[in-house]
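The structure appears right after this line, and notes come after that.
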Amino acid sequence: MSPLDAGDSQILMPLRVSLIVGTRPEAIKLAPVAIALLAMPEVEPMIWCTGQHAHWAPEMLAHFNLEPSRLMPPPPSGQGLTQMASHILTQMQASIQDDRPQVMIVQGDTLSAFTGAVAASYAGLPLVHVEAGLRSGCRKDPFPEEAHRRAIAAFADLHCAPTEAAWQTLIDEKLPASEVLLSGNTVIDALHLIRDLVPANDLTPATVDPARPLLVVTCHRRENWGARYEAVCKATLQLARRGDCEVAFVAHPNPALSDIARVLLDGQPRLHRLPPLAYPSFMNLLERAALVLTDSGGIQEEAAALGVPTLVLRDTTERSEGVAAGIAKLVGTVEADIVSAASSLLDDLPALRASRVPCDAYGDGRAAYRIASAIRERWSDRRMLAVRPQINDPAAALASRLRARA
Numbered sequence: 360m361s362p363l364d365a366g367d368s369q370i371l372m373p374l375r376v377s378l379i380v381g382t383r384p385e386a387i388k389l390a391p392v393a394i395a396l397l398a399m400p401e402v403e404p405m406i407w408c409t410g411q412h413a414h415w416a417p418e419m420l421a422h423f424n425l426e427p428s429r430l431m432p433p434p435p436s437g438q439g440l441t442q443m444a445s446h447i448l449t450q451m452q453a454s455i456q457d458d459r460p461q462v463m464i465v466q467g468d469t470l471s472a473f474t475g476a477v478a479a480s481y482a483g484l485p486l487v488h489v490e491a492g493l494r495s496g497c498r499k500d501p502f503p504e505e506a507h508r509r510a511i512a513a514f515a516d517l518h519c520a521p522t523e524a525a526w527q528t529l530i531d532e533k534l535p536a537s538e539v540l541l542s543g544n545t546v547i548d549a550l551h552l553i554r555d556l557v558p559a560n561d562l563t564p565a566t567v568d569p570a571r572p573l574l575v576v577t578c579h580r581r582e583n584w585g586a587r588y589e590a591v592c593k594a595t596l597q598l599a600r601r602g603d604c605e606v607a608f609v610a611h612p613n614p615a616l617s618d619i620a621r622v623l624l625d626g627q628p629r630l631h632r633l634p635p636l637a638y639p640s641f642m643n644l645l646e647r648a649a650l651v652l653t654d655s656g657g658i659q660e661e662a663a664a665l666g667v668p669t670l671v672l673r674d675t676t677e678r679s680e681g682v683a684a685g686i687a688k689l690v691g692t693v694e695a696d697i698v699s700a701a702s703s704l705l706d707d708l709p710a711l712r713a714s715r716v717p718c719d720a721y722g723d724g725r726a727a728y729r730i731a732s733a734i735r736e737r738w739s740d741r742r743m744l745a746v747r748p749q750i751n752d753p754a755a756a757l758a759s760r761l762r763a764r765a
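First residue of the sequence shown: 360, per the working numbering; consecutive thereafter.
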């Protein structure tokens with residue numbers, strides 16, 4: 360290694376960039392960004408896992424041959440949002456002091472993203488917001504995500520908008536156009552990468568009849584806890600009792616939800632309550648689905664990219680592109696409305712199958728490279744020759760795929 364110094368007084372080192380990963384979706388959506396940064400010798404990426412999803416986030420990263428640089432202790436179980444935010448923010452401050460990043464990246468709208476944005480601002484560090492500009496139009500739905508993403512916009516120095524609508528939202532909010540990047544959504548990058556990395560195979564439970572149309576159901580958002588979640592479970596049960604389809608209900612690990620699902624759904628023929636699945640397994644399941652019912656934002660995007668018709672178990676969505684394209688429909692969480700919307704599609708299977716057309720509304724698989732390139736151009740010193748160690752071969756292979764797409 361032969362470092363170049365500036366004026367024989369200062370060695371120019373790689374730009375230290377920390378990526379904040381709290382939840383499983385953040386791990387999925389930031390993995391391509393980490394891989395793209397690893398391909399740039401001017402940048403030294405560090406992945407910090409906040410412990411919000413202490414087990415699932417590192418496991419998701421491992422599917423992309425990535426390991427966290429820092430594992431923060433998880434918040435004590437049973438705490439509310441205030442206590443969790445305080446815990447993560449304290450850990451974030453200590454991590455900044457120890458690792459001394461020069462840029463921080465947060466993704467989406469989680470508690471980890473919000474506290475990461477606050478910590479970066481307090482430390483005077485540039486902040487990059489991946490998946491910026493999403494708005495439901497209702498401050499308390501989804502809660503607390505809508506408030507989080509609006510607040511993060513006030514802290515960020517680079518806003519990476521996943522769609523043209525998100526870009527326009529940020530411009531309409533009077534953010535400087537020079538700070539807003541139309542990047543595409545990194546979840547599409549992740550989908551392409553994981554399909555390259557893990558050969559397609561049938562990971563659907565053996566008890567699922569492949570001759571019947573498959574419905575995939577997920578529900579987890581905080582605003583749907585309680586009576587709404589019970590209504591979704593009861594609607595799922597009614598759809599399974601039609602007798603002409605198979606239903607895979609992928610349960611959330613939160614006991615407040617999984618216990619309700621177990622009581623209401625177990626023991627029913629053609630209804631398969633599945634534990635949380637690894638990302639490749641879930642993508643294979645989703646690709647097999649004739650119809651998906653979900654309140655997940657990420658699944659709305661993934662299903663659209665795969666062409667899977669989607670019923671959104673929410674009253675509002677910040678992913679309006681899928682609705683506009685006709686691949687998704689808002690149905691809410693009223694039991695009768697869910698059953699009616701799903702049944703109308705299942706009653707005309709030829710039309711349902713014909714509607715299965717992949718939609719590129721959420722990106723082209725090149726978002727991570729655009730984001731990494733923008734970070735390098737804005738904050739790294741391209742004269743740097745004090746190169747960090749070579750990245751591992753699997754990550755290098757993935758990085759080359761990202762470059763090829765760019």
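Just so you know, even glycine gets a beta-carbon here, dropped at the ideal spot from N, CA and C.
These figures come from a predicted structure and were not determined experimentally.
Item	Value
Using C-beta distances below 7 angstroms, list every residue in its chain close to residue 479, excluding the 5 sequence neighbours before and after it, in chain order.	463, 486, 514
Just reading off the beta strand (DSSP E) that residue 688 is part of, what are its end residues?	687-689
Leaving out five residues before and five after residue 377 in sequence, what residues of the same chain have Cβ atoms less than 6 angstroms from its Cβ?	405, 407, 460, 463
Confirm, please, whether the CB-CB distance from residue 524 to residue 540 is below 8 angstroms.	no
So within the region 643-721, which uninterrupted beta strand (DSSP E) runs reach at least 3 residues, ignoring any that extend past its ends?	650-653, 669-671, 687-689
Using a Cβ-Cβ cutoff of less than 6 angstroms, which residues in the same chain neighbour residue 431 once the five nearest sequence positions on both sides are dropped?	409, 410, 450
Between the beta-carbon of residue 660 and the beta-carbon of residue 583, is there less than 8 angstroms?	no
Could you tell me which residues DSSP puts in a beta bridge with residue 608?	576, 632
Could you check the C-alpha separation between residue 469 and residue 398 for me, to the nearest Å?	27 angstroms
What would DSSP say about residue 377, mapped onto helix, strand or coil?	strand
Anyone know if the C-beta pair for residue 690 and residue 672 falls short of 8 angstroms?	yes
Anyone know if the C-beta pair for residue 623 and residue 596 falls short of 8 angstroms?	yes
Since residue 609 contacts residue 636 with CB under 8 angstroms, what's their CB separation in whole angstroms?	6 angstroms
Is the beta carbon of residue 379 closer than 8 angstroms to that of residue 549?	no
Determine the burial state of residue 497: buried for a count of at least 16 other Cβ atoms within 10 Å of its Cβ, exposed for fewer.	exposed
If residue 371 sits next to residue 740, beta carbons under 8 angstroms apart, how far is it from one beta carbon to the other, in whole angstroms?	5 angstroms
Report all residues from its chain with a CB closer than 7 angstroms to the CB of residue 592; omit the five preceding and five following residues, and keep chain order.	619, 620, 623, 624
Nearest-angstrom Cα distance between residue 580 and residue 452?	28 angstroms
Along the chain, where does the beta strand (DSSP E) that runs through residue 402 open and close?	402-408
In terms of residues, what are the limits of the beta strand (DSSP E) holding residue 488?	486-489
Should residue 603 go down as buried or exposed, given a rule of 16 or more other Cβ atoms within 10 Å for buried?	exposed
So, is residue 422 buried or exposed, given that buried needs 16 or more other C-beta atoms within 10 angstroms?	buried
Let me check understanding here. Comparing Cα to Cα, which of 381, 567, 611 lies closest to residue 588?	611
Check the DSSP bridge columns for residue 520 and list the partner residues they point to.	541
Please list the terminal residues of the continuous alpha helix (DSSP H) segment that includes residue 451.	440-458
Could you give the DSSP three-state label for residue 567: helix, strand or coil?	coil
Rounded to a whole number of angstroms, what is the C-alpha to C-alpha distance between residue 473 and residue 443?	12 angstroms
Could you tell me which residues DSSP pairs with residue 430 in its beta bridges?	408
From the DSSP output, in three-state form, read off residue 597 for me.	helix
Reducing DSSP to helix, strand and coil, say where residue 466 ends up.	strand
Hey, could you find the ends of the alpha helix (DSSP H) residue 388 is sitting in?	383-397
Put residue 535 into one of helix, strand or coil per three-state DSSP.	coil
Going by other Cβ atoms of all chains shown within 10 Å of its Cβ, with 16 needed for buried, is residue 522 buried or exposed?	buried
DSSP state of residue 737, grouped into three classes?	helix
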